[in-house]
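Read the structure below first, then the notes.
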Amino acid sequence: MTKRSPAFKLLTMPQTSSFTAQAPQRPSLHEEVLIGVDVGGTKIEVCALRHPSTSDPSCLGQVLYRERLPTPKGDYQATIELIHTLVEHCSQTLKIQWPQCVGLGIPGTLDAQTQTIRGSNSLVLNGQAMAQDLRNSLACDVVLQNDANCFALSEAMDGAGQGHAMVFGVIIGTGCGGGIVHHQQIWGGANRLGGEWGHTPLPWANELERQRAPCWCKKSLCMERFVSGTGFEEDHLVASGLPLKAQEIVGLAIMGNPQAKASLERYIDRLARGLSMVVNILDPDCIVLGGGMSLVEELYSPLQAKLSSYCFHEGSRTPILKAVHGDSSGVRGAAWLSQTPAKQP
Ligand SMILES: [Zn+2]
């Protein structure tokens with residue numbers, strides 16, 4: 002594993018910029034900051050965080066700069082150039098030296114053998130040696146990770162999982178991703194598959210569940226098909242014939258609609274079954290939920306009880322926590338990457 006130096010130092014006080022999305026306290030002279038970039042299907046975002054080693058502890062993870070721009074559609078080279086532009090804007094606005102290291106969160110995983118990206122829903126990234134291409138473009142070190150791993154890292158560093166040794170983070174949104182963080186480091190694993198819980202099968206599946214169409218990954222019974230927001234909507238459609246959005250189903254369930262209540266109960270039961278496998282194998286100190294479905298407050302109490310009932314030792318009490326940083330976790334985790342590189346195989 003390469004030892005990476007912490008980000009870079011501020012030279013002068015930053016000036017107000019039209020690019021700055023937030024109005025944080027400004028860093029002091031020579032303070033180090035962390036820079037991360039989150040590559041999404043619709044936008045690419047850069048974020049600079051205050052470096053914890055040089056800050057007041059109360060400023061841990063404070064955002065110094067954020068900017069997002071639309072992702073160039075289907076153009077890999079333009080994507081690399083846009084990332085360069087965003088890092089340039091950030092360093093110019095904060096008046097800092099060019100970074101020694103940038104963290105990068107992407108949809109998809111890095112092939113451990115070829116060092117190229119695979120499994121990305123941003124198809125233009127697949128097969129590309131993106132980390133190396135960005136090292137060439139930025140002339141600095143680049144640490145690249147799956148966006149769900151970035152989410153888990155962000156929550157482990159200064160979010161809901163802060164202070165826990167082993168954090169399992171799950172994004173339950175349009176799709177489903179997971180990440181493992183141990184002592185503030187992402188556990189990528191020998192095949193870089195650590196945390197890919199969304200593509201493990203639903204345990205104790207009944208006949209009806211077995212009839213669900215295969216996942217986009219071509220395997221059957223993937224957790225993603227059941228516990229993503231999309232899976233929740235599909236399940237309610239099959240059961241009721243009503244094509245509703247997830248928040249509409251939850252709203253109806255809260256108002257006492259029997260079909261919606263049953264759909265939410267099935268969803269919670271399946272989520273609990275899947276998470277019990279995580280507890281039986283990994284036994285994390287906490288589980289942090291992010292993504293749209295994590296915003297359903299009514300989910301947590303019954304999920305906690307059901308998880309306990311499905312674990313090998315009934316009565317296990319693994320805390321299930323709601324993410325603190327919401328949509329910002331991807332880019333925040335990418336920034337933390339620049340000081341906490343993943344374990345390499
Ligand atoms: Zn799958």
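In terms of the working numbering, the sequence shown is residues 2 to 346.
Beta carbons: idealized from backbone N, C-alpha and C, even for Gly.
Predicted, not measured: the structure shown is a model, and the values here were computed from it.
Closest to TRP188 by CA distance: which of LEU203, PHE169 and CYS177 is it?
PHE169
Counting C-beta neighbours from all protein chains within 10 Å, is the total for CYS218 16 or more, i.e. buried, or is it exposed?
exposed
Which ranges does the alpha helix (DSSP H) cover as unbroken runs of at least 4 residues, wholly within the stretch 41-125, from first to last along the chain?
77-95
Leaving out five residues on either side along the sequence, give the residues of the same chain with a beta carbon under 7 Å from the beta carbon of LYS44.
ARG69, LEU70, PRO71 and THR72
Just to confirm the assignment, what range does the alpha helix (DSSP H) spanning HIS183 have?
Looking at the DSSP string, HIS183 is not in any alpha helix (DSSP H); the run it does join, the beta strand (DSSP E), is 177-183.
Of the residues GLY199, TYR301 and ILE172, the one placed nearest GLY293, counting alpha carbons only
ILE172
4 or more residues per run - each alpha helix (DSSP H) lying fully within the stretch 246-326:
247-255, 259-282 and 301-311
Quick check on ASN137: does DSSP put it in helix, strand or coil?
helix
Counting only runs that start and end within the stretch 199-254, where is the alpha helix (DSSP H) found for 4 or more residues in a row?
208-211, 225-228 and 230-241
Exposure of ASN150, with buried meaning 16 or more beta-carbon neighbours within 10 Å
buried
Here's the rule: buried if 16 or more other CB atoms are within 10 angstroms of the residue's CB, otherwise exposed. What is HIS352?
With the chain represented from 2 up to 346, any question about residue 352 goes unanswered, as that position is not in the structure.
Using DSSP bridges, identify the partner residues of GLY164.
The partner list for GLY164 (beta bridge, DSSP) is empty, contrary to what the question assumes.
Any heavy atom of ligand 1 within a distance shorter than 6 Å of the CB on LYS323?
no
Straight-line Cα distance separating CYS223 from CYS1:
Because the chain here runs from 2 to 346, residue 1 falls outside it and cannot be looked at.
Alpha carbon of LEU283 to alpha carbon of VAL289, nearest angstrom:
14 Å
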